[in-house]
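If you use full-length UniProt numbering, the sequence shown corresponds to residues 1 to 250, in order. Heads up: the structure comes next, in structure tokens.
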Amino acid sequence: MHRWNILQLVKDKILPHMSFVYCCAMITDKFIITGGYDKILRIWKKCGHDEFKLCQEIENHEGFITSVCVTADSESIYSCDSNGKVVEWTLRNEHHWNVNREIILAEIRGTIINQILLNDKETKLLIHARDSVLRLVDLKSLCILQRFTQALNNTVQTFCTFCNCSRYVFCSSENGFIHVWNVNNGHSVAKYMPYYSVGLYKDVEVHNVQFNPRKTQIAVASYNNEVPILLCGFDEQYKSFDLGLKYMPK
């Protein structure tokens with residue numbers, strides 16, 4: 001895994017792994033967690049001024065690890081895999097995590113999970129599985145609160161994001177759209193065809209969409225190396241048609 005210096009735009013550190021690394025996350029500024037093809041989560045601890053050493057390897061997954069997320073207090077880690085399993089890990093001492101519980105939804109057992117996200121209050125977990133459905137799960141009862149559908153995803157890993165207030169979910173799609181849902185009622189609110197605005201609206205799959213945490217902007221990307229990464233900002237002067245935007249009926 002490479003770590004980049006964003007000020008100098010260079011790779012300044014490498015954390016060696018035996019196989020492909022698919023996800024990583026920072027745990028405060030002292031730890032990095034990584035997961036990948038070999039089904040093992042690795043915790044790297046900062047030592048010295050700018051070095052990281054491997055301090056723990058934890059196993060519980062049945063498939064390759066696809067996504068990790070960390071609570072704001074860094075006391076819990078959530079990880080998911082290619083077999084439809086989510087694991088919650090809890091900090092037991094300064095740098096040692098143990099399994100707290102497994103979250104297994106019967107309807108996605110054996111299905112690859114693309115991504116997991118916590119909402120802003122960390123009471124709900126968004127599980128984005130590769131069956132064209134996103135599920136919002138209550139972390140206390142483990143009940144599915146909402147199912148968000150219509151975002152086509154059967155082939156490759158695509159990504160989703162909460163808006164900054166966690167009121168809406170945005171998700172990329174293999175049919176070229178970004179779909180938007182209301183978190184509270186599950187209703188489809190709108191869909192964008194972002195590459196329409198730059199004249200590349202045919203056969204361009206959208207694979208990633210991410211919100212700027214400080215501004216009303218989203219970044220849009222595709223695995224297609226012939227199309228650009230788009231940075232889209234809110235402008236009330238723009239018309240919906242110019243953005244390839246279609247509002248859904250209430």
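Ideal placement from N, C-alpha and C gives every residue a C-beta, glycine not left out.
List the endpoints of the continuous beta strand (DSSP E) containing residue i.
i           : result
residue 35  : 31-36
residue 79  : 76-81
residue 146 : 144-149
residue 61  : From DSSP, residue 61 is part of no beta strand (DSSP E); its letter is neither H nor E.
residue 170 : 168-172
residue 115 : 113-118
residue 136 : 133-138
residue 227 : Premise fails: residue 227 is in no beta strand (DSSP E) and is neither H nor E.
residue 210 : 208-211
residue 182 : 178-182
residue 19  : Here residue 19 belongs to no beta strand (DSSP E), and DSSP marks it neither H nor E.
residue 154 : It is not in any beta strand (DSSP E) - residue 154 carries neither H nor E in the DSSP assignment.
residue 188 : 188-192
When the distance is taken between beta carbons, is residue j closer than 8 Å to residue i?
i           : j           : result
residue 90  : residue 102 : no
residue 162 : residue 169 : yes
residue 143 : residue 116 : no
residue 189 : residue 127 : no
residue 97  : residue 148 : no
residue 25  : residue 70  : yes
residue 34  : residue 61  : no
residue 174 : residue 153 : yes
residue 206 : residue 172 : yes
residue 84  : residue 110 : yes
residue 39  : residue 57  : no
residue 183 : residue 118 : no
residue 52  : residue 32  : yes
residue 155 : residue 138 : no
residue 88  : residue 78  : yes
residue 114 : residue 157 : yes
Taking 7 Å as the line, does the beta carbon of residue i fall inside it for any heavy atom of the ligand PLP?
i          : result
residue 83 : This structure lacks the ligand PLP; in fact it carries no ligand of any kind.
Using only CA atoms, which one of the options lies nearest to residue i?
i           : options            : result
residue 19  : 49, 65, 48         : 65
residue 22  : 178, 204, 41, 29   : 41
residue 43  : 15, 198, 204       : 15
residue 125 : 67, 39, 38, 83     : 67
residue 55  : 211, 45, 92        : 45
residue 50  : 30, 63, 36         : 30
residue 186 : 221, 150, 219      : 150
residue 37  : 72, 13, 82, 7      : 82
residue 215 : 63, 164, 131       : 164
residue 72  : 211, 92, 121       : 121
residue 233 : 176, 225, 224, 210 : 210
residue 176 : 220, 213, 134, 212 : 220
residue 112 : 99, 132, 100       : 132
Report the CB separation of residue i from residue j in whole angstroms; it is logged as a contact under 8 Å.
i           : j           : result
residue 178 : residue 192 : 4 Å
residue 217 : residue 230 : The pair is not a contact, with the Cβ atoms about 10 Å apart (cut-off 8 Å).
residue 222 : residue 198 : The Cβ separation is near 12 Å, so there is no contact.
Item to check | Inter-stretch contact at 8 Å, needing at least 3 Cβ pairs: the stretch 105-116 / the stretch 132-148 | outcome: yes
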